[in-house]
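Residue numbers (my numbering), protein chains in the order written: chain A, 43 to 321; chain B, 43 to 321.
Ideal Cβ placement from N, Cα and C applies to all residues, glycine included.
Protein chains: 2
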Amino acid sequence: MSEMNIVIVGLGLIGGSLAKAFTKYTNCHVAGFDSSPATLEAALACGAVTKAGDEDDLAQADIVYLCLYPQADIDFVRAHLSSFTANTVVTDVCGIKAEVCRGLCRLAEKGGFIYCGAHPMAGTEKHGFSASNADMFKGASYILVPCGAPEKVCELLRQTAYRLGFGRSVSTTPERHDQLIAFTSQLPHALACAYVMSPRCPEHRGFSAGSYRDVSRVANINEVMWSELFLDNRTALTEEMDTLLKNLTDIRNAVADNDQPRLEALLRKGRLIKEALGE
Amino acid sequence: MSEMNIVIVGLGLIGGSLAKAFTKYTNCHVAGFDSSPATLEAALACGAVTKAGDEDDLAQADIVYLCLYPQADIDFVRAHLSSFTANTVVTDVCGIKAEVCRGLCRLAEKGGFIYCGAHPMAGTEKHGFSASNADMFKGASYILVPCGAPEKVCELLRQTAYRLGFGRSVSTTPERHDQLIAFTSQLPHALACAYVMSPRCPEHRGFSAGSYRDVSRVANINEVMWSELFLDNRTALTEEMDTLLKNLTDIRNAVADNDQPRLEALLRKGRLIKEALGE
Chain A
43 MSEMNIVIVG
53 LGLIGGSLAK
63 AFTKYTNCHV
73 AGFDSSPATL
83 EAALACGAVT
93 KAGDEDDLAQ
103 ADIVYLCLYP
113 QADIDFVRAH
123 LSSFTANTVV
133 TDVCGIKAEV
143 CRGLCRLAEK
153 GGFIYCGAHP
163 MAGTEKHGFS
173 ASNADMFKGA
183 SYILVPCGAP
193 EKVCELLRQT
203 AYRLGFGRSV
213 STTPERHDQL
223 IAFTSQLPHA
233 LACAYVMSPR
243 CPEHRGFSAG
253 SYRDVSRVAN
263 INEVMWSELF
273 LDNRTALTEE
283 MDTLLKNLTD
293 IRNAVADNDQ
303 PRLEALLRKG
313 RLIKEALGE
Chain B
43 MSEMNIVIVG
53 LGLIGGSLAK
63 AFTKYTNCHV
73 AGFDSSPATL
83 EAALACGAVT
93 KAGDEDDLAQ
103 ADIVYLCLYP
113 QADIDFVRAH
123 LSSFTANTVV
133 TDVCGIKAEV
143 CRGLCRLAEK
153 GGFIYCGAHP
163 MAGTEKHGFS
173 ASNADMFKGA
183 SYILVPCGAP
193 EKVCELLRQT
203 AYRLGFGRSV
213 STTPERHDQL
223 IAFTSQLPHA
233 LACAYVMSPR
243 CPEHRGFSAG
253 SYRDVSRVAN
263 INEVMWSELF
273 LDNRTALTEE
283 MDTLLKNLTD
293 IRNAVADNDQ
303 PRLEALLRKG
313 RLIKEALGE
């Protein structure tokens with residue numbers, strides 16, 4: 043396993059962190075693709091990648107990690123389809139899965155390579171290679187979305203993830219992944235943006251603490267990437283937003299009506315859910 | 043200053059932490075009141091307070107910190123009104139100020155003591171004396187709401203706060219405090235409760251990371267205290283909730299309409315606000 047050939051396509055926050063983690067924690071050969079020459083140079087300079095990737099690297103890769111935006115991942119594979127072999131395991135790191143898995147499964151069939159979707163549950167509110175780090179995945183969850191990939195391939199990706207620092211792995215379907223991610227990740231990002239739009243926000247200094255910091259943290263969003271992720275998952279996300287809007291409106295109405303028993307009951311409901319999770 | 047007599051009324055999360063900070067960082071004499079004999083015993087046993095408070099302690103106090111719920115603070119002062127002197131500085135730690143300041147200013151006039159409102163911007167999602175700690179206030183903001191108290195008194199409270207670890211202090215009116223707190227603190231608490239009410243919440247394990255953790259953190263709410271705080275500030279809080287509901291609905295509609303330019307513009311707006319704050 044220590045001698046695998048790894049290709050990382052896209053050296054942004056996640057791709058860059060994967061490259062650095064492979065370099066720090068394994069002896070794998072890591073070739074990197076990036077459309078920005080400056081990023082590629084930075085990755086070579088700090089040793090995150092062994093070399094700039096080319097068609098030969100793709101042909102000899104044990105695992106190719108696609109770390110671009112959803113549509114760009116599909117476009118990259120289509121453009122390099124003839125380089126993949128029957129032994130190439132292709133995976134991705136996209137935050138939504140149904141659309142991406144559909145596109146890449148189709149290409150895997152056409153190109154004769156093995157595809158297994160994945161989503162590393164890690165990240166920060168910062169962007170790009172400069173924010174990447176080898177320890178990004180410490181203890182994080184590695185979600186596998188096999189889409190029919192052989193168990194042997196899933197196991198290879200899982201074991202590789204553990205070598206990079208991931209703490210757990212779960213497997214699911216693209217559809218269930220997208221429903222859960224709408225709640226756990228997309229909704230908080232939408233919320234953070236909506237929250238900081240309050241006219242009070244610019245005055246918060248001195249009047250805020252952990253609650254403000256936590257809710258607003260991810261407002262520093264990459265709007266181009268997240269718009270694509272939101273819209274690729276719009277049914278599930280709209281449903282989650284409607285659920286939240288309804289529940290928040292219930293609390294709002296109890297406050298506006300000065301109805302203490304109703305307000306207490308609503309807040310208690312939230313507390314009991316959180317407590318039942320042991321959090 | 044090192045020999046001040048301090049009285050802390052209510053040894054919950056904030057009162058307990060104040061007691062522990064006074065004991066750790068000053069030589070002040072700290073007397074504590076608590077309606078629970080077990081809590082008082084715990085505070086005595088760990089040395090957080092020097093003794094259980096009585097009328098004499100109130101009469102000799104340099105500063106009395108009221109650390110109960112808003113109405114209970116007022117009730118306590120009313121019940122002990124004859125013990126306060128013209129030299130007693132009374133302050134509180136309530137999360138809302140207009141109602142509390144009105145009640146305590148009236149009692150200060152009647153009882154002839156000095157009142158200066160305050161709100162230490164610190165806390166955790168845990169409750170009670172067992173969750174209190176001496177370093178709760180490290181770097182936090184100490185909001186002063188003087189309500190006409192002499193600058194000398196404000197300066198005493200401010201300098202004392204710095205000795206306990208606070209990192210900054212701001213002064214404002216009760217009304218402005220409550221408007222800002224509706225946004226920075228109350229709204230995130232309401233949001234956390236509304237958020238965890240999603241039917242997806244119990245399934246989040248393995249599919250969540252920092253975003254879920256941050257938004258849901260304070261759902262573990264003390265619903266009795268927070269209901270009182272919400273309702274005492276219901277005009278400002280309702281306004282903030284309406285602002286958030288509107289902004290979140292705008293994002294929701296852009297998603298549901300599959301309108302990428304509109305969605306990008308909304309998310310960009312959030313990002314630019316956050317960036318302009320240097321966060």
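Local Cβ density within 10 Å of residue i, reported as buried at 16 or more and exposed below that
{"i": "THR202 (chain A)", "result": "buried"}
{"i": "SER250 (chain B)", "result": "buried"}
{"i": "ARG259 (chain A)", "result": "buried"}
{"i": "GLU97 (chain B)", "result": "exposed"}
{"i": "LYS168 (chain B)", "result": "exposed"}
{"i": "ALA278 (chain B)", "result": "buried"}
{"i": "PRO303 (chain A)", "result": "exposed"}
{"i": "ARG144 (chain A)", "result": "exposed"}
{"i": "ASN69 (chain B)", "result": "exposed"}
{"i": "PRO162 (chain A)", "result": "buried"}
{"i": "ALA236 (chain A)", "result": "buried"}
{"i": "LYS316 (chain A)", "result": "buried"}
{"i": "SER59 (chain B)", "result": "buried"}
{"i": "SER77 (chain B)", "result": "exposed"}
{"i": "VAL266 (chain A)", "result": "exposed"}
{"i": "MET43 (chain A)", "result": "Residue confidence for MET43 (chain A) is low, a pLDDT of 49 falling below 50, so the modelled location carries little weight and cannot support an answer."}
{"i": "SER227 (chain A)", "result": "buried"}
{"i": "PRO325 (chain B)", "result": "Summary: the structure shown does not reach residue 325 (chain B), with chain B confined to residues 43 through 321, and so no result is reported for it."}
{"i": "ASP99 (chain B)", "result": "buried"}
{"i": "PRO230 (chain A)", "result": "buried"}
{"i": "SER124 (chain B)", "result": "exposed"}
{"i": "ASN300 (chain B)", "result": "exposed"}
{"i": "GLU141 (chain B)", "result": "buried"}
{"i": "LYS62 (chain B)", "result": "buried"}
{"i": "GLU151 (chain B)", "result": "exposed"}
{"i": "GLU197 (chain A)", "result": "exposed"}
{"i": "ASP256 (chain A)", "result": "buried"}
Chain B residues whose Cβ lies nearer than 9 Å to that of residue i
{"i": "LEU186 (chain A)", "result": "The contacting residues do not exist; LEU186 (chain A) stays about 10 Å from chain B at best."}
Partner residues on chain B for residue i, Cβ-Cβ distance less than 7 Å
{"i": "HIS231 (chain A)", "result": "SER253"}
{"i": "THR285 (chain A)", "result": "SER240"}
{"i": "VAL135 (chain A)", "result": "Going along chain B, no residue has its Cβ under 7 Å from VAL135 (chain A), so there is no contact; the nearest lies around 13 Å."}
{"i": "SER259 (chain A)", "result": "The question names Ser, yet the displayed sequence has Arg at residue 259 (chain A). Under the 7 Å cutoff, chain B gives ASP256."}
Under 9 Å from the C-beta of residue i: neighbouring residues of chain A
{"i": "ALA164 (chain B)", "result": "ALA251 and GLY252"}
{"i": "SER183 (chain B)", "result": "ARG247, GLY248, PHE249, SER250 and ALA251"}
{"i": "PHE208 (chain B)", "result": "By Cβ distance, chain A contributes nothing, its closest Cβ being about 11 Å from PHE208 (chain B), past 9 Å."}
{"i": "SER174 (chain B)", "result": "Those do not exist, as SER174 (chain B) stays about 16 Å from chain A at its closest Cβ, beyond 9 Å."}
Strand pairing of residue i, partner residues [DSSP]
{"i": "SER211 (chain B)", "result": "B:TYR184"}
{"i": "ASN47 (chain A)", "result": "A:HIS71"}
{"i": "LYS311 (chain B)", "result": "Answer by DSSP bridge pairing: none, since LYS311 (chain B) is not bridged."}
{"i": "LYS93 (chain B)", "result": "B:ALA73"}
{"i": "TYR107 (chain A)", "result": "A:ILE50 and A:THR133"}
Neighbourhood of residue i by C-beta, 6 Å cutoff - its chain only, sequence neighbours within 5 removed
{"i": "VAL212 (chain A)", "result": "ILE185"}
{"i": "TYR111 (chain A)", "result": "MET267 and GLU270"}
{"i": "LEU82 (chain A)", "result": "ASP76 and ALA94"}
{"i": "LEU314 (chain B)", "result": "none"}
Listed by chain order, chain A residues near residue i by CB distance under 7 Å
{"i": "LYS168 (chain B)", "result": "Going along chain A, no residue has its Cβ under 7 Å from LYS168 (chain B), so there is no contact; the nearest lies around 11 Å."}
{"i": "TYR237 (chain B)", "result": "LEU286"}
{"i": "LYS3 (chain B)", "result": "The structure shown does not extend to residue 3 (chain B), since chain B is modelled only from 43 through 321, so no value can be given for it."}
{"i": "LYS66 (chain B)", "result": "Here the premise fails: no neighbours, minimum Cβ distance about 21 Å."}
{"i": "GLN322 (chain B)", "result": "Residue 322 (chain B) lies beyond the stretch modelled for chain B, which goes from 43 to 321, so this question has no answer here."}
{"i": "ARG144 (chain B)", "result": "Residues of chain A passing the Cβ test: none, with the nearest at roughly 17 Å."}
{"i": "GLN302 (chain B)", "result": "SER269 and LEU273"}
{"i": "ALA298 (chain B)", "result": "ARG276 and THR280"}
Sequence-distant residues of its chain with Cβ nearer than 7 Å to residue i (five each side left out)
{"i": "HIS219 (chain A)", "result": "LYS139, HIS161, ILE185 and VAL187"}
{"i": "PHE171 (chain A)", "result": "LEU53, GLY54, GLY58, THR81, ALA84 and ALA85"}
{"i": "ASN264 (chain A)", "result": "HIS169"}
{"i": "ALA101 (chain A)", "result": "SER125 and THR127"}
{"i": "ALA296 (chain B)", "result": "ARG304, LEU305 and LEU308"}
Contact list for residue i against chain B, beta-carbon separation under 8 Å
{"i": "GLU317 (chain A)", "result": "ASN262"}
Under 8 Å from the C-beta of residue i: neighbouring residues of chain A
{"i": "VAL243 (chain B)", "result": "Reading off the sequence shown, one finds Cys at residue 243 (chain B), where the question assumed Val. By Cβ distance, chain A contributes PHE225, ILE315 and LEU319."}
Close beta carbons around residue i, own chain, < 8 Å, minus the five adjacent residues each side
{"i": "GLY209 (chain B)", "result": "LYS180, GLY181, ALA182 and SER183"}
{"i": "SER174 (chain A)", "result": "LEU53, GLY54, LEU55, ILE56, GLY57, GLY58, SER59, ALA61, LYS62 and ALA90"}
### Query
Mind pulling the alpha helix (DSSP H) runs of 4 or more residues that sit fully within the segment 122-174 of chain A?
140-153
### In chain order, each alpha helix (DSSP H) run of at least 4 residues that lies wholly inside the segment 213-253 of chain A
216-223 and 229-238
#### Entry: Within the segment 263-314 of chain B, ranges of the alpha helix (DSSP H) (whole runs, at least 4 residues)
265-274 and 276-298
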